[in-house]
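Here is the structure we will look at.
Residue numbers (our numbering), protein chains in the order written: chain A, 1 to 301; chain B, 1001 to 1454; chain C, 2001 to 2276.
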């Protein structure tokens, strides 16, 4: 369950020159190349077109939308964003989402990096069995947990609390994050740790002063993937948070869309406001995002 | 079979330690209201209605404790209430979508307080229509009060009818001719859709049975005297399904599944559909699509649902309690909560004002045309005078049928109109569930069909 | 000592995953309604009922169809996209970024985007004269299509990363021999990414049996049960039908399916000695 090479390697290669491609392209500047580009472009339109259309719809008036839901806006109603922002109460939603996401990310990173360190470096018994358990734990139907979790959380006073949601998210996302981080750690050199141990440092010092700084890129990766999952999650959010003032954006948007507010341009505007923060974060940090998710998909767990 | 409580269940699998650890963090039952307020969750159509409800039915309450309102979405409120009740929390006032759904389950699980002693104190027997209180009893105990009262009607757009040269039908023959002709002229005969709420299926099934088999037959079946597999029901369902497959409801069966409510209202308003078959709850929902609010000069009106079988009366008012409300037993001051419930459902002046201003559905308290002021919408005044003069009534599924039967009727009607199940099989399914639930005493009490509403 | 570092993970996992799972197993042997304070042990009754329940059987069948769809369509798109990207010189990063964007959009928003596009009155449905979400023959595939839109770009990224780990010398040698790109794909690329391919196949099967969000948001399992999956049947039984015990049995069966798939994968991997 580990990647032989550090998760970063393939992408560093991709950034560097890929020799066979260039060689090939020079030899055959052919029609085949054009066809490939055409297909790739069509796929790109398939991927991004709906989002662009969604953005256009967010700028339409309702009558404009009713006559053409697949075209350009006739007048660009930027005020829809402001209206959606207030009507759907997205300011509070964004604040709550931020708190919940940051809380989840912080806790998950702490929990996962400690456990990953133990699993990758400290020869603990039952480690491989535990990894199998984590793999299974992250493939269980979470709807099944709703009833018992609700019961336990209400007893503990964690129901209708953002902290309660953060704890659930940490529980749900940390197995995956741990596996990811463990495989990242296995790719790191051990010499510095050994040297520190020889110098008499205890495991905590080795971890906090030697390992942690080296782990930072891996931690940033799991922080991003966890943030994405926590930000987009809605089943537990809609179940565990009752007070509208505490609801994260996924729930705010869901209820705004489900309510009888059938003003599609406003729904689109609210939806666009919801995806904007992740879109921006992704575009800024995309290399880290992609490398993390890519290694998770390559069996980096 | 050994019997176990939920706490013991929780103890299973070594969870007891976990639960007590978690309980130690906060005193159990804190959700019952440390600041002590009467809490109510409700699902209203939009923000404007929420604000009105909050101002005039919640904040306006001057009792021992203040009341607090949290709006919820229609399609999540029941699940949210269930999970919170199971967890020993939940709002003070528990609402359900009518007496059929969840009331019996909540009561037998001990979440709903017995309200009989308050019935005497507040004189509810005089305030409410007797049929509505009778339907609100479980094990012969009053456990909820009806907060809204509704019936099914046939909506029409007078201008569209005029354009098509048609008049609203009142018999089966007229109805079938009307639909065939309207369809032939390129319109959708009846605007309908269940995309926003799957439960809409039962509105039509209820109409199909009450008006297509007749209230006498339905009453007899609800009392267990006739089986649901009787040909009178099978025929009624078969005819109703054929109306769907002919595309009379919503344009086609697949469109019926994807038409949202706003689409339905728009079709009625812009002349795409001359008719709409729905409940009186639409009074408040239709307003934004007609007249000045919508920037058009269209109007809507309504009439009784037509008879769909020879020999069934042409004017039958289907009785429905749209929402029931009870008191959560975990609220420490039951009397105070009952007092709020009394305020919510019996403050006549307040209720009349909400009907006039917001077209809210009133509770089934005795209202007549004379209770309304001159400002009231004449269509609403006419409704309450028609209802109080009713001589024949029908039975909606969400008021008079037991829960599992109702759920089955909603879910599997889709199989009938998509041709995956015959009307006979559907009726057999109803009968199987109904007879089980009847044996368990879960069928709400229904009034006599010719008894009127007084 | 190592377990001290593991403790936070173990504790949080205990409360959020392990205890609820164990409770679900316990519930699955009872007739608990989900709200009642009492329940009876009914032994294996819930499990024996399952396979006679047409909704469960239909849900299971739809999950299998869903799995087949996700093993074919996004896998093919992902492999094609990644292979094409690995062989072009310009715009590779741009394409990769664009393909990946739908993956980061929340499912609630995705559903809203596609509900509008698929609308039979104003969207693509009106152009093609179809009603993708309302027609019982199309609905399951339409929901899968929407889910796939958000998914395939992820596969491109993963496959591309895996393909870039293949030794370039292999391709150079193949080119010397005059192998077509088609040949190269099957004889070098595919074997070269086999561990990744197998892993994603495994995850596809697991995630296909857990699929829930898109169906819940777009169709709630309708029309006429044509999009019901095990997860939506489970959800409806727990919350609309007040059969928490029975719905837990569905959950346990789903968990067993996942466990079985994981086990088969781990065994195969050990036997074949894949280095991942």
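Think of the CB as a built atom: it goes at the ideal place given N, C-alpha and C, for glycine as much as any other residue.
Using beta-carbon distances, residue 1254 (chain B) counts as an interface residue toward chain C, with a partner under 8 Å. Assignment of residue 1082 (chain B) by DSSP, reduced to helix, strand and coil, places it in the helix class. Using a CB distance below 8 Å, the part of the stretch 1079–1092 of chain B facing chain A consists of 1079, 1080, 1083, 1084, 1086, 1087, 1088 and 1089, ordered along the chain. Looking at C:2106, C:2094, C:2144 and C:2168, the one whose alpha-carbon comes closest to that of residue 2157 (chain C) is C:2094. Between the C-alpha atoms of residue 2030 (chain C) and residue 1399 (chain B) there is a straight-line separation of about 30 Å. In this structure, DSSP gives residue 1041 (chain B) an extended state, which the three-state scheme calls strand. Distance between residue 1422 (chain B) and residue 1413 (chain B), taken at the CA atoms: about 10 Å. In the assembly as shown, residue 34 (chain A) is an exposed residue. Its beta-carbon has fewer than 16 other beta-carbons within 10 Å. If you look at residue 1225 (chain B), you'll find it isn't in any beta strand (DSSP E); DSSP assigns it neither H nor E.
Within the stretch 2202–2235 of chain C, the residues whose Cβ lies closer than 7 Å to any Cβ of chain A are, in chain order, 2206, 2210, 2212, 2231, 2234 and 2235.
Contact between residue 2105 (chain C) and residue 275 (chain A) holds: CB atoms are separated by about 5 Å, below the 8 Å threshold.
Excluding residues up to 5 positions away in sequence, 1217 and 1220 lie with their Cβ nearer than 7 Å to the Cβ of residue 1226 (chain B) in the same chain.
Taking each of C:2172, C:2235 and C:2202 in turn and checking the Cα distance to residue 2258 (chain C), the smallest one comes out for C:2202. For residue 1444 (chain B) against residue 1097 (chain B), the beta-carbon gap comes to about 13 Å, at or over 8 Å, which does not count as contact. The beta carbon of residue 2261 (chain C) lies closer than 7 Å to those of 2202, 2205 and 2206 in the same chain, with the five residues before and after it left out.
Taking the CA atoms as reference points, residue 277 (chain A) sits about 26 Å from residue 2118 (chain C).
In the three-state scheme derived from DSSP, where H, G and I count as helix and E and B as strand, residue 2131 (chain C) is classed as coil. When secondary structure is reduced to three states using DSSP, residue 2066 (chain C) falls in the helix class. Counting along the chain, no alpha helix (DSSP H) covers residue 1401 (chain B), and no H or E run does either. Residue contact with chain A for residue 2259 (chain C): present (Cβ-Cβ distance below 8 Å to some residue of chain A).
Using a CB distance cut-off of 8 Å, residue 1075 (chain B) counts as an interface residue toward chain A.
For residue 239 (chain A), the C-beta contacts it makes with chain B under 8 Å involve 1079, 1080 and 1083, in order along the chain. DSSP places residue 1049 (chain B) in no beta strand (DSSP E) but in the uninterrupted alpha helix (DSSP H) bounded by 1047–1053. Setting aside the 5 residues that flank it on each side, residue 2099 (chain C) is surrounded in the same chain by 2081, 2152, 2153, 2156 and 2157, each with a C-beta closer than 8 Å to its C-beta; the list follows chain order. Counting other Cβ atoms within 10 Å of its Cβ, residue 72 (chain A) stays below 16 and is therefore classed as exposed.
Between the stretch 218–227 of chain A and the stretch 177–187 of chain A there are three or more inter-stretch CB-CB distances shorter than 8 Å, so the stretches are counted as touching.
A distance below 8 Å separates the beta carbons of residue 1282 (chain B) and residue 1155 (chain B). Residue 117 (chain A) reaches chain C at 2005, counting residues in chain order whose Cβ is nearer than 8 Å.
Of the candidates B:1120, B:1364 and B:1382, the residue whose Cα lies closest to the Cα of residue 1370 (chain B) is B:1382.
Chain order gives the chain B residues near residue 147 (chain A) as 1083 and 1086, where near means a beta carbon separation below 8 Å.
Taking a Cβ-Cβ threshold of 8 Å, the residues of chain C close to residue 178 (chain A) are 2009, in chain order. Across the set C:2244, C:2112, C:2246 and C:2160, the C-alpha of C:2112 shows the shortest separation from the C-alpha of residue 2219 (chain C).
Residues 1150, 1151, 1152, 1153, 1203, 1320 and 1322 of the same chain have their beta carbon placed closer than 8 Å to that of residue 1279 (chain B), with the five preceding and five following residues left out of the count. Apart from sequence neighbours up to five positions away, the residues of its chain that approach residue 2226 (chain C) with a beta-carbon distance below 7 Å are 2136, 2139 and 2140, ordered along the chain. CA-to-CA, the gap between residue 241 (chain A) and residue 290 (chain A) works out to about 31 Å. Annotation: residue 2062 (chain C) to residue 2023 (chain C) spans about 27 Å, alpha carbon to alpha carbon.
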